[in-house]
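When you read off a place in the sequence shown, starting at 1, and then add 29, the result is the number in the working numbering.
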Amino acid sequence: MAIIGPFIVIISLLYCWPVYRKKQYKLASAILAWTLFLGPAWAILFTGGIYSPALEWIGVSPFIAGSMHSKKTAITLGIITVIYCVIILLLEIYNIRFENAVQLQSEKMVFHVITVIALIVLFSYIGFSTTSEYETYINSQQHLLDKLTKSEISLRSIMETVPMAIISIDSHGKILSVNKATFDILGWTIPDLMGENIRKIIPEPFKSEHDQYIQQYLTTSKRKIIGIGREVEVYKKDQTLMNAFLSIGEYKIDNQIYFTGVINDISKLKEREYELDLHKNNLEQLIEAQTKDLVIAKERAEAANVAKTAFLANISHEIRTPMHGVLSFADIGFEQAETASRSELKDYFKEIQETGHRLMKLLNDILDLSKLEAGRMSYQMNKNNLISVVKDSISQFSQFARSKNVKLNLEILCEKCDCFFDVQKIHQVLGNLISNAIKFSFSNTTININLDGDESHFVISVENNGVGIPSNELELIFGKFTQSSKTKSKAGGTGLGLAISKKIITDHNGKIWATSENNSV
């Protein structure tokens, strides 16, 4: 019976091997635990009884079973148990039984040796296992450290690559790290900022309040900028301010709060915004100016339309009136041709002649205006003496001036007034100016005509003392079909003379204008 126990132990151990190979670790561990108890128990029953040295193995085996946690442990324990059982088996086979004390002492010695060997192997294995576990722990920590190192290298690479300044600070505002872009953007080097307070790059009033902001956040957790971001100004190393967009995040290490700020240079963006605002304002001003011009053009068009309507009504009157006069005096002369005296007939013909001249002038003005607007007016530009033309014009209207009790005074301030111009057209302009001056002058006043200039340009001024012209009408009187409100219906006319005069002077590369002060024009 004693020999059966070791065989059962050996068979159980051999059976554990394929179980472990199949990775059925729980089943294999249960078999090994059973085997570790089975071998010593069998030895107690059939070899030494309760005082057998095998009892020592029973005391050891629970520790061995409790330490099983790997494949190597199971194999080691299995080998020890096999050796133990083989020795017992050999003793049983050869029936080595000693009766005397020496024999019994030898048997005990054998079992003590086996037990000591088992303990040595056990504690060696425990030490080896512990060392192995420690190495495993060290390896896992090294692996974790390698991962952290790689992560830090990757993060550092990102920080050094991004075109934005990244600055980390602690809860007291002390700068802990900066990236390369901090130098590229702000000019600050790492030694310039490391260990310094972040207030070094913050302008007032935020500089004085920054530490208070941090402490308030740490106390209340109320965010004003963290996780939100806003536009700020920061100092560059040369102490100039730079427009930036600041984003702030926070992180914790050992319950200590740290902050990371990302500073993005938006100076060029601000410049573009300024340019856009400038263009926007310019566009608004341009639109406003164009709108104003359109309004003015509309008003002018409406005024021109009104003036044209008035002109048509006036021209109708101006044509009909002399025509009626011509026809009336012709009828009277025809009826009284045989009875009227010669002097009466001369008066009739004189009225017909004057009325015809007035009508002819009106028709000539209309024709001249149509030619000027169509660009078909021709000029005979020759070198002529301006003094003689002015004197001829004054002579032409001297009789008209006397009839109005107005005196014409000429003052010549240039010695030689020779230049290139169309005599007829300049004569026409002077006639319009002198005629208007006589028409609208008060009685017993003087019209001053001045001629001044040099070879490059000449100035002719005609000044009277009469009804005057409102300042807001000084430019309008040179428009087509336009007359001053002070001169309308006072002396007739179509309002074409000054418009024609302006076009003629402009075609001579000159300028014509009017001023009015104290009834003097």
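Think of the CB as a built atom: it goes at the ideal place given N, C-alpha and C, for glycine as much as any other residue.
- In the DSSP assignment, lysine 454 is bridged to no other residue.
- In this structure, the straight-line span from the alpha carbon of glycine 385 to that of leucine 315 is close to 52 Å.
- At a Cβ-Cβ threshold of 8 Å, cysteine 446 and isoleucine 467 do not count as neighbours.
- In the structure shown, arginine 259 adopts extended strand secondary structure according to DSSP, grouped into three states.
- In the DSSP assignment, tyrosine 377 is bridged to no other residue.
- Bounds of the alpha helix (DSSP H) holding isoleucine 416 are 415 to 432.
- By the beta-carbon neighbour count (other beta carbons within 10 angstroms, threshold 16), proline 192 is exposed.
- Nearest neighbour of tyrosine 408 by Cα position, chosen from Phe450, Glu238 and Gly460, turns out to be Phe450.
- Apart from the 5 residues on each side of it in sequence, leucine 374 sits with its Cβ closer than 8 Å to the Cβ of Gly362, Gln365 and Ala366 in its chain, given in chain order.
- A straight-line Cα-Cα distance of about 6 Å links threonine 289 and isoleucine 277.
- Excluding sequence positions up to five before and after alanine 359, its CB lies within less than 7 Å of the CB of Ile381, all in the same chain and listed in chain order.
- In this structure, asparagine 479 and leucine 442 form a Cβ contact; the two beta carbons are roughly 7 Å apart against a cut-off of 8 Å.
- Going by DSSP, tyrosine 287 is part of the beta strand (DSSP E) stretching over 285 to 294.
- For phenylalanine 212, there is no enclosing beta strand (DSSP E); the enclosing alpha helix (DSSP H) covers residues 209 to 215.
- When the beta-carbon positions are compared, lysine 265 and aspartate 221 stay at least 8 Å from each other.
- By the criterion of a C-beta distance shorter than 6 Å, methionine 188 is surrounded in its chain by Ile195 and Asn208, once the five residues flanking it on both sides are discounted.
- If the five residues before and after lysine 540 are omitted, its C-beta is found closer than 7 Å to the C-beta atoms of Ile534, all from its own chain and listed in chain order.
- A direct Cα-Cα distance of roughly 14 Å separates aspartate 536 from histidine 486.
- Sequence-distant partners of arginine 387 (beyond 5 residues in either direction) whose C-beta falls short of 6 Å from its own C-beta, in its chain, are Pro351.
- Around the beta carbon of tryptophan 542, fewer than 16 other beta carbons lie within 10 angstroms, which makes this residue exposed.
- Put simply, the region 490 to 504 touches the region 467 to 477. At least three CB pairs are less than 8 Å apart.
- Restricting attention to Arg431, Glu492 and Met410, the CA atom closest to the CA of isoleucine 455 is found in Met410.
- Of the candidates Asp483, Cys448, Lys436 and Asn413, Lys436 places its Cα closest to the Cα of isoleucine 463.
- Linking phenylalanine 378 to lysine 433 through their CA atoms gives a straight-line distance of about 23 Å.
- Spanning the alpha carbons of threonine 211 and methionine 223 requires a straight line of approximately 12 Å.
- Setting aside the 5 residues that flank it on each side, isoleucine 230 is surrounded in the same chain by Val263 and Tyr264, each with a C-beta closer than 6 Å to its C-beta; the list follows chain order.
- Valine 324 counts as exposed, since fewer than 16 other beta carbons sit within 10 angstroms of its beta carbon.
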